[in-house]
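Written below as structure tokens is the structure these notes are about.
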Amino acid sequence: MKMHHKLTGCLNTLFFIGLTAAGLLGYQGQAAATECQFADGYGGTTTLVNGTFDAGIRWYPKSNNDSVLLASFDTDLSPGLVSHCSAGSDGRQLAYNDSASVGNKLGRGPQPEGGMGNYYYTNVKGIYFSVKIYSSAGGGYFGDGNRSDAAGWTDLVNPSDNIWEGKTWKAHINIWQDTNEFMMNGGNINNATYISPRSAFTLGLMTIGDPSDSDNKPWTFNVTPTSFQIPIIPSTCEYAQLDSGNNTINMGDYMLSDFNASPVSHPFRVQLLGCNNVYAIKYKMTASKLTGPDNNLLGNMLNNGAEGIGVKILVERNWGPEQINPNEESDIILSPNTDPGSSYGLLNFRAQLVKDGNPLKVGNFTGMTTFQITYY
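For the record, in the sequence shown the residue sitting at position 81 is 81 according to UniProt numbering, with numbers rising by one throughout.
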């Protein structure tokens with residue numbers, strides 16, 4: 001039986017984040033003679049823009065971890081945002097309200113610097129991002145903190161001096177792979193080529209000072225699918241082969257009486273070599289000549305050759321060998337390594353020469369099949 005292989009590659013990509021900060025709830029006046037605010041204090045709306053991560057997204061292989069950080073990078077704000085301090089008594093605490101993001105986040109989880117942060121949806125299932133709004137004087141994640149007041153505001157930072165004066169604000173993004181969800185979804189099954197926010201939506205509001213005060217109004221922070229589009233490293237493999245180093249399996253010589261005994265198994269393994277960022281693999285066996293009552297045996301490609309026999313292909317399962325039906329796509333096989341230069345033995349297979357239900361005739365036999373392999 002000759003094995004020919006055909007490769008088709010599929011591209012795919014992820015992220016998450018966190019921070020801890022202690023703060024006091026409530027927005028009572030402070031004794032200081034100055035207060036701080038975003039911009040002119042009258043509120044506004046800004047959007048995250050120009051997020052880049054040159055290294056690209058590499059999938060984390062199957063694991064029991066809850067979430068894995070895939071990338072971290074900054075984005076600008078448009079319009080830009082600068083904080084100022086002036087005379088007043090309505091406080092200097094940085095606080096957020098994320099009630100507007102309901103439906104666009106999974107929940108929240110730990111962040112690299114400590115604390116917590118919201119996990120917002122991306123365009124790939126199982127991949128999330130978290131957002132920290134910050135300046136050189138500090139900042140905080142949407143989703144951090146343990147308590148909010150009746151209006152939904154949670155303190156992130158509550159300084160005792162004028163640390164916010166003249167500070168330019170940016171956003172920091174973490175991309176996370178929820179390893180269990182990503183695995184249950186079969187990886188990047190839709191062949192996304194980059195990671196971006198799932199849609200345009202509001203992350204939440206942030207304020208410096210009392211958000212109910214006339215000159216301490218909050219700013220709304222939004223994302224769109226173009227706020228960042230982080231490329232996924234393409235999934236590639238150099239070639240496939242049988243573990244024997246060629247694509248031919250010698251089935252041996254048979255007497256007609258041999259077909260009255262249990263079939264002889266000829267084991268083989270299909271290998272993928274020189275792979276990079278391959279998270280999952282599927283295969284399908286095809287053949288131009290089939291035989292048997294259910295057309296699930298490889299037929300003889302030779303004219304005037306042996307008749308009444310065909311080749312059965314089985315795959316080794318945990319519960320025992322199972323016949324492969326031609327043109328049926330396999331279950332997803334998860335790769336143990338996504339690093340460059342990785343190689344995989346898909347599964348162990350068996351080839352058996354068996355009767356196909358037609359009268360037996362002696363002669364030569366050559367069967368042929370193609371394993372179409374998809375990886376992403």
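Where is the CB? At the ideal position from N, CA and C, for every residue including glycine.
As a quick exercise: from Ser212, Asn158 and Ile230, pick the residue whose alpha carbon is nearest that of Ala150. Considering only alpha carbons, the answer is Ser212.
Please state if the CB of Thr47 and the CB of Ser227 are separated by a distance shorter than 9 Å. Cβ atoms of Ser227 and Thr47: closer than 9 Å.
May I have the straight-line CA-CA distance separating Val315 from Asn327, to the nearest angstrom? When the Cα atoms are used, Val315 and Asn327 turn out to be separated by approximately 15 Å.
What would DSSP say about Ala100, mapped onto helix, strand or coil? Assigned with DSSP and collapsed to three states, Ala100 falls in helix.
What is the DSSP secondary structure of residue 462, counted as helix, strand or coil? This structure cannot speak to residue 462, because the chain is shown only from 1 to 376.
Can you tell me the Cα-Cα spacing of Ile189 and Tyr376, whole angstroms? When rounded, the distance between both Cα atoms is 7 Å.
Where Glu316 falls: helix, strand or coil (DSSP): DSSP places Glu316 in strand when its eight states are reduced to three.
Could you spell out the range, first to last residue, of the alpha helix (DSSP H) harbouring Met184? It spans Thr179 to Met184 - the alpha helix (DSSP H) in which Met184 sits, taken as one unbroken run.
Helix or strand or just coil, what does DSSP make of Leu302? Judged by DSSP in its simplified three-state form, Leu302 adopts coil rather than helix or strand.
Based on Cα-Cα distance, which residue from Leu346, Cys237, Tyr128 and Ser78 lies nearest to Val68? Relative to the Cα of Val68, the nearest Cα in the group Leu346, Cys237, Tyr128 and Ser78 belongs to Tyr128.
Length of the line joining the Cα atoms of Gly80 and Trp219: Taking the straight line joining both Cα atoms gives about 11 Å.
From Gly363, Leu302 and Glu181, pick the residue whose C-alpha is nearest to that of Asn64; which is it? Sorting Gly363, Leu302 and Glu181 by C-alpha distance to the C-alpha of Asn64 places Glu181 at the top.
Does the beta-carbon of Gly341 have 16 or more other beta-carbons within 10 angstroms, so that it is buried, or is it exposed? Gly341 counts as exposed, since fewer than 16 other C-beta atoms from the protein chains shown sit within 10 angstroms of its C-beta.
Please state whether DSSP places Lys289 in a helix, a strand or coil. In this structure, Lys289 counts as coil in the three-state DSSP scheme.
Is it the case that the Cβ atoms of Gly367 and Gly308 are separated by a distance below 9 Å? For Gly367 and Gly308, no; Cβs fall outside 9 Å.
Three or more C-beta pairs below 8 Å linking the stretch 239-246 and the stretch 122-136: As far as the Cβ criterion goes, the stretch 239-246 does not touch the stretch 122-136, which means the pair count is below three.
Alpha-carbon spacing of Ser99 relative to Trp319, whole angstroms: The alpha-carbon separation between Ser99 and Trp319 amounts to approximately 49 Å.
Counting C-beta neighbours from all protein chains within 10 Å, is the total for Leu302 16 or more, i.e. buried, or is it exposed? Burial call: exposed.
With a threshold of 16 other CB atoms inside 10 Å of the CB of Leu256, please say whether the residue is buried or exposed. So Leu256 counts as exposed.
Pair within 9 Å by beta-carbon distance, residue 391 and Gly292: This structure does not reach residue 391, given that the chain is present from 1 up to 376, and the question cannot be answered.
Considering only the beta carbon of each residue, do Thr374 and Pro61 sit closer than 9 Å? Taking 9 Å as the cut-off, the Cβ atoms of Thr374 and Pro61 do not count as close.
Taking only three categories from DSSP, how would you classify Thr370? Of the three classes helix, strand and coil, the one that applies to Thr370 here is strand, per DSSP.
Unbroken beta strand (DSSP E) run spanning Cys275, endpoints: Secondary structure note for Cys275: its beta strand (DSSP E) is the uninterrupted segment Ser265 to Cys275.
Would you mind working out which of Tyr344, Phe73, Ala137 and Lys289 sits nearest Val157, comparing C-alpha positions? Residue Ala137 is the option with its Cα nearest to Val157.
Sort Gly363, Ser330 and Tyr194 by Cα distance to Gly186 and report the nearest one. Each of Gly363, Ser330 and Tyr194 was checked against the Cα of Gly186, and the nearest Cα belongs to Ser330.
For Ser212, three-class secondary structure by DSSP: Coil.
From this set, Thr236, Lys284 and Asp294, which residue's C-alpha is nearest Leu273's C-alpha? It is Thr236.
Less than 9 Å separating the beta-carbons of Asp178 and Asp66? Between Asp178 and Asp66, the C-beta spacing is below 9 Å.
Any beta strand (DSSP E) of 3 or more consecutive residues that is wholly inside the stretch 135-159: Correct list: 138-141 and 154-157.
Any idea if Ala87 is buried or exposed, counting beta-carbon neighbours within 10 angstroms, 16 or more meaning buried? With a 10 Å radius around the Cβ and a threshold of 16 neighbouring Cβ atoms, Ala87 comes out exposed.
Are the beta-carbon atoms belonging to Thr75 and Gly51 less than 9 Å from one another? The answer is yes: Cβ separation under 9 Å.
Which partner residues of Ala240 appear in the DSSP bridge assignment? In the DSSP assignment, the residues bridged to Ala240 are Leu272.
Name the one or two DSSP bridge partners that Thr202 has. In the DSSP output, where bridge partners are listed per residue, Thr202 has Asn222.
Please report the straight-line C-alpha distance between Ser78 and Gln372, rounded to a whole angstrom. Ser78 and Gln372: Cα-Cα distance of roughly 47 Å.
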